[in-house]
Every structure is written in structure tokens, then in C-alpha cells.
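Colleague: Below you will find the structure I want to go over with you.
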Amino acid sequence: RKEVEQDPGPFNVPEGATVAFNCTYSNSASQSFFWYRQDCRKEPKLLMSVYSSGNEDGRFTAQLNRASQYISLLIRDSKLSDSATYLCVVISNTNAGKSTFGDGTTLTVKP
Amino acid sequence: DVKVTQSSRYLVKRTGEKVFLECVQDMDHENMFWYRQDPGLGLRLIYFSYDVKMKEKGDIPEGYSVSREKKERFSLILESASTNQTSMYLCASTPGGGNQPQHFGDGTRLSIL
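If you read the protein sequences in the order shown, they are chains B and U.
Heads up: the first sequence begins at 1 in our numbering, then just goes up one per residue.
Heads up: the second sequence begins at 1001 in our numbering, then just goes up one per residue.
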């Protein structure tokens, strides 16, 4: 079983839709959580950190559920420009502080 | 803003060549990482370094070595390139102390013929 698992998708949604991705992690000692966005043939870029109380950045909301060991990303009012692959990232102090990346969820927003 | 610069966006080399991929960061970060990314396999950690002259093996170090002579520069070396090392290579850095998100360079798309 992978340490960090994501549904690969693809998620195909119309413009304006709300879409949510989940990411589960297996290491209960995980301390820090992030969502990255990766466009085709480009590098991953930090989208947002995920805080215990949940956090929002415009149309994007990230949540953490420690009891069930998953994080989520909600995108409201999807835009064509949101089409990308979304990677969740987990850092655990028991893994020498290294980041563990999920394989990503692909989102395509259609007109 | 953190700037991580990789020496080449695209590189074509021949089987058996020794290949050097360079990465430089300008934020005085202690930690630097090399990954490769292949379709369907996600990001895989090759090597990382927590300080000058220090290196640690990642998940797939075979066929690679690294060098960190200066804090800002982390080099990945393919000792004798093979076709199965054709891939997208990504360098990243973070400050020391852990729990910080990684900042990536633009990536090098390496083809071994």
C-alpha cells in the first residue's frame, strides 16, 4: 500500500462545477500537508498548505481529517484554467522530514 | 520568491555518456532534492542532501550519484546513461527544520538515445 494515495481520475467537470479530491495517508505521525498543482509538462507548484482547522484561498478550500487520515481539496466555480493535476503532499517527522507525494488527480474543466 | 534554477530544460544524450544535471537555488536553503517523474509512476526521489557535502539515497538511487560542494548547488550525475533513464528530472529545495513545502525548478526533460 502506498503511503499517500489519491484517486487518479480523470475528473471531467463543466465550468462552474464544484469538485472535490481526497487524499489518504497511512503514517499517523504525519505533521504537515500541502496541495500542489502541476500543469502538463511543467513543474509542481505549491497551491496551498492544509491546516488542522481547514483553510480557504478564494475558490479553494483545504481540509484535514486526522482521525481518518485524509486531506481534501474543494474547488468551487471551476474555471477552464483549473485544468491540471493536483498532488497531495505529506511530511512526517518519522521520515526524516522528507515529503511524500501522491501520484496526483487529474482535473479537466470543460466549457 | 524562491528561485530554483535547473541548467537545461531539454537535453539529449547518448547511451553510455556521463550526464550532469545542475540545480541552483538562491534562498540559502539547507535541503535539496532530486526526483524523476514518469507517466503513471509519480514523483520518485533519487537523492537528497541536508547540507553541504552530505547526501542521502532516496528510493531509486541506482545508476545515479550526486554532488553538493556548495550550499546553493546540487548536481545529479548519471554515471553511464541508459535509455531507461529517459525522464523528466526535477530539483527541489526547502529550508532546514523540516515541515516546509518544497520549491521546484522548471525540470529537465532528458532523452537518452
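Ideal Cβ placement from N, Cα and C applies to all residues, glycine included.
(1) Kindly indicate which three-state DSSP category L80 (chain B) falls into: helix, strand or coil?
(2) Could you tell me which residues DSSP pairs with Q63 (chain B) in its beta bridges?
(3) When you compare each of U:M1054, U:G1097, U:S1075 and U:R1044 to I1060 (chain U) by their alpha carbons, which one comes out closest?
(4) Using a C-beta to C-beta distance shorter than 7 Å, which residues of chain B count as neighbours of D1106 (chain U)?
(5) Do you know offhand how far Y86 (chain B)'s Cα is from E1017 (chain U)'s?
(6) Grouping DSSP H, G and I as helix and E and B as strand, with all else coil, what is M1084 (chain U)?
(7) Name the one or two DSSP bridge partners that H1103 (chain U) has.
(8) Counting only Cβ pairs nearer than 8 Å, list the residues of chain U close to G104 (chain B).
(9) Quick one: does Q63 (chain B) have its CB under 8 Å from some CB of chain U?
(10) N22 (chain B) by DSSP, collapsed to three states: which one?
(11) Please check if any C-beta of chain U sits within less than 8 Å of the C-beta of F21 (chain B).
(12) Compare the Cα-Cα distances from Y1010 (chain U) to each of U:E1022, U:K1003, U:F1048 and U:D1001 and report the closest residue.
Modeller: Well, looking at it:
(1) DSSP places L80 (chain B) in the helix class (H, G or I) of the three-state scheme.
(2) In the DSSP output, where bridge partners are listed per residue, Q63 (chain B) has B:S72.
(3) The alpha carbon of I1060 (chain U) has as its nearest neighbour, out of U:M1054, U:G1097, U:S1075 and U:R1044, the alpha carbon of U:R1044.
(4) The answer, in chain order, is E43.
(5) Y86 (chain B) and E1017 (chain U): Cα-Cα distance of roughly 35 Å.
(6) Position check: residue 1084 (chain U) holds Asn in this sequence, whereas Met was assumed. Of the three classes helix, strand and coil, the one that applies to N1084 (chain U) here is helix, per DSSP.
(7) Note: H1103 (chain U) sits in a beta bridge opposite U:S1093.
(8) Here the neighbours are G1042.
(9) For Q63 (chain B), the answer is no, since every Cβ of chain U falls outside 8 Å of its Cβ.
(10) Assignment of N22 (chain B) by DSSP, reduced to helix, strand and coil, places it in the strand class.
(11) By this cut-off, F21 (chain B) is not an interface position.
(12) Residue U:E1022 is the option with its Cα nearest to Y1010 (chain U).
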